[in-house]
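Worksheet: the structure to be examined is printed underneath.
In our numbering, the protein residues as written are 23 to 130.
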């Protein structure tokens with residue numbers, strides 16, 4: 023079975039500028055037929071409120087296109103932000119790529 027999902031791996035700081043680029047990349051993948059997108063946040067060191075807002079808006083756009091978006095590999099700082107804002111309830115978050123792949127493959 024071929025890799026049926028696409029992985030996007032941003033790095034550094036996710037703010038309004040960088041998250042808009044991430045959003046565009048994800049929407050382009052969906053527009054080109056990708057049904058499952060994994061956003062691997064392992065290399066992200068910081069995210070501000072505009073980054074969170076852009077991720078939520080991207081998730082909504084992905085779902086409107088009948089696709090799915092998941093997150094994985096949140097560092098301590100991102101985990102704290104997601105918990106404080108209760109945004110972890112909006113996203114399906116995996117500890118790492120392996121957990122995501124095992125979960126997705128078990129659905130096949």
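Beta carbons are placed, not taken as given, at the ideal position from N, Cα and C, and that holds for glycine.
Buried or exposed (CB count within 10 angstroms, at least 16 for buried), residue i
i, result
"residue 38", "exposed"
"residue 106", "exposed"
"residue 118", "exposed"
"residue 79", "exposed"
"residue 114", "exposed"
"residue 68", "exposed"
"residue 62", "buried"
"residue 95", "buried"
"residue 55", "exposed"
"residue 73", "buried"
"residue 127", "exposed"
"residue 111", "exposed"
Span of the alpha helix (DSSP H), counted from its first residue to its last, around residue i
i, result
"residue 123", "119-128"
"residue 44", "38-53"
Beta strand (DSSP E) segment containing residue i, residue limits
i, result
"residue 109", "Residue 109 -> no beta strand (DSSP E), and no H or E assigned at all."
"residue 62", "58-62"
"residue 81", "Looking at the DSSP string, residue 81 is not in any beta strand (DSSP E); the run it does join, the alpha helix (DSSP H), is 71-86."
"residue 96", "Unbroken run through residue 96: none, as it is neither H nor E."
Whole-Å CB distance - residue i paired with residue j, under 8 Å assumed
i, j, result
"residue 51", "residue 28", "5 Å"
"residue 49", "residue 83", "6 Å"
"residue 44", "residue 58", "The pair is not a contact, with the Cβ atoms about 16 Å apart (cut-off 8 Å)."
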